[in-house]
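Engineer: This structure is in structure tokens; I'll ask about it shortly.
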Amino acid sequence: MNKKYVVDLSQQMRPGEEVNFPFEIDLKDATESMPELEHDADSWYKIGYVNMCTHNGTHVEVPYHHLKDGMDLAEFPLHQMIGNMVLMDFSYKKIGEEITTEEVRAYDDKIHEGDIVFIKTGMDSLFRTKDWVKYPYVALEAVHYLIDKKIGCLGTDAAGIENNDIPNQPAHVSLFQAKIPLVESLTNLDAVKKGNYMVFILPLPIVHGDASPVRVTAIEKKGLL
Numbered sequence: 000m001n002k003k004y005v006v007d008l009s010q011q012m013r014p015g016e017e018v019n020f021p022f023e024i025d026l027k028d029a030t031e032s033m034p035e036l037e038h039d040a041d042s043w044y045k046i047g048y049v050n051m052c053t054h055n056g057t058h059v060e061v062p063y064h065h066l067k068d069g070m071d072l073a074e075f076p077l078h079q080m081i082g083n084m085v086l087m088d089f090s091y092k093k094i095g096e097e098i099t100t101e102e103v104r105a106y107d108d109k110i111h112e113g114d115i116v117f118i119k120t121g122m123d124s125l126f127r128t129k130d131w132v133k134y135p136y137v138a139l140e141a142v143h144y145l146i147d148k149k150i151g152c153l154g155t156d157a158a159g160i161e162n163n164d165i166p167n168q169p170a171h172v173s174l175f176q177a178k179i180p181l182v183e184s185l186t187n188l189d190a191v192k193k194g195n196y197m198v199f200i201l202p203l204p205i206v207h208g209d210a211s212p213v214r215v216t217a218i219e220k221k222g223l224l
């Protein structure tokens, strides 16, 4: 496939540089883990040990994040995180402003059952800063509208979608009760403003996993022909 059709929508994960959740890699010589792996002294042969939060970087959250009996990463159907991308651009919104139901409904004719809907706020510019958790939030009624549209997945380039003045993350809970996953901290959405894209969101299949960093990849449909 020609690389011009492929767009990476994921934040890099940088050991020692993350602000909200620690992320560290300890690179050990392979023989420390498996003594039988003999190699020359000047041969680079490493095995990394990672210490991180499941919500590091661009990540997807599944029902088990908020629902005790909800599906975890290992159970969640992978096909639901592969599909047609719909981009809603709310980059004109300011921090703390509401993305209203009416504004979301303006995309009604573009959103179909099973679509992966991404919200562009431009707040990915704050990633890895102390202001990362500031963003325009999505009205709970708008989230329920998207649930009624039977979307496959919702995502945002901000740290979240919740009105943080309301406790218990009701937007998350509503999505998860409808078995809809949520991707947070996307980036590079400017690159997919034009064109028709398929999106692939591939988490690690972790038993009892509530979330996983993901490499979110958008592929222009004409590149799939």
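With the first letter of the sequence shown counted as 1, position 205 gets the number 204 in numbering that gives the first Met the number 0; the numbers rise by one all the way through. All C-beta atoms, glycine included, are put in the ideal place defined by N, C-alpha and C. Just so it is clear, the structure is predicted and the values come from calculations on it, not from any experiment.
Between the Cα of residue 114 and the Cα atoms of 128, 88, 81, 62, which residue gives the shortest distance?
Structural biologist: The residue with the shortest Cα to Cα distance from residue 114 is 81.
Engineer: Along the chain, where does the alpha helix (DSSP H) containing residue 31 start, and where does it finish?
Structural biologist: First-last of the alpha helix (DSSP H) with residue 31: 29-32.
Engineer: Reducing DSSP to helix, strand and coil, say where residue 138 ends up.
Structural biologist: Three-state result, residue 138: coil.
Engineer: Just list the alpha helix (DSSP H) runs in the stretch 160-193, keeping only unbroken ones of 4 residues or longer that don't cross its boundaries, in chain order.
Structural biologist: DSSP runs (the alpha helix (DSSP H)) wholly in the stretch 160-193: 169-176.
Engineer: Since I believe residue 218 is in contact with residue 174 (beta carbons under 8 Å), could you give me their beta-carbon distance rounded to a whole number of angstroms?
Structural biologist: 25 Å between Cβ atoms; not a contact.
Engineer: For residue 5, which option in 212, 195, 202 has the closest C-alpha, if you only look at C-alpha atoms?
Structural biologist: Nearest option by C-alpha distance: 195.
Engineer: Kindly indicate which residue of 151, 102, 25 has the alpha-carbon position closest to the one of residue 75.
Structural biologist: Among 151, 102, 25, the Cα nearest to that of residue 75 belongs to 151.
Engineer: If you pair each beta-carbon of the stretch 49-60 with each one of the stretch 83-100, do three or more pairs fall below 8 Å?
Structural biologist: Touching, no.
Engineer: Could you spell out the range, first to last residue, of the alpha helix (DSSP H) harbouring residue 102?
Structural biologist: 100-104 is the span of the alpha helix (DSSP H), which, as asked, contains residue 102.
Engineer: Check the C-beta distance from residue 156 over to residue 122 and give it rounded, since I have them as a contact under 8 Å.
Structural biologist: Between residue 122 and residue 156 the Cβ distance is about 6 Å, and since that is below 8 Å, they are a contact.
Engineer: Leaving out the 5 sequence neighbours to the left and right, which residues in its chain are closer than 6 Å to residue 69 when beta-carbon positions are compared?
Structural biologist: Around residue 69: 62, 63, 175.
Engineer: Are the CB atoms of residue 215 and residue 8 nearer to each other than 8 Å?
Structural biologist: Their beta carbons are under 8 Å apart, which means residue 215 touches residue 8 by this criterion.
Engineer: Are there 16 or more other CB atoms within 10 angstroms of the CB of residue 131, so buried, or fewer, so exposed?
Structural biologist: It counts as buried.
Engineer: For residue 177, tell me which candidate among 22, 158, 153 has the shortest Cα-Cα distance.
Structural biologist: Checked all of 22, 158, 153; the closest Cα to residue 177 is 153.
Engineer: Look up residue 80 in the DSSP assignment and say whether it is helix, strand or coil.
Structural biologist: Helix at residue 80.
Engineer: How close, in whole Å, do the beta carbons of residue 11 and residue 184 come, if the pair is a contact with beta carbons under 8 Å?
Structural biologist: Actually they do not touch by this definition, with Cβ atoms about 11 Å apart.
Engineer: Can you tell which of 13, 44, 191, 65 has the C-alpha that lies nearest to the C-alpha of residue 208?
Structural biologist: Selected option, being the one with the closest Cα: 65.
Engineer: Would residue 144 and residue 100 qualify as a contact pair, given that the criterion is a beta-carbon distance under 8 Å?
Structural biologist: Against a cut-off of 8 Å, the Cβ pair of residue 100 and residue 144 comes out as a contact.
Engineer: Going straight from the alpha carbon of residue 169 to that of residue 190, what length do you get?
Structural biologist: Those two C-alpha atoms are separated by around 31 Å.
Engineer: Who are the near neighbours of residue 220 in its chain, counting only those whose CB is closer than 7 Å to its CB and skipping five residues on each side?
Structural biologist: These residues qualify, in order along the chain: 195, 196, 197.
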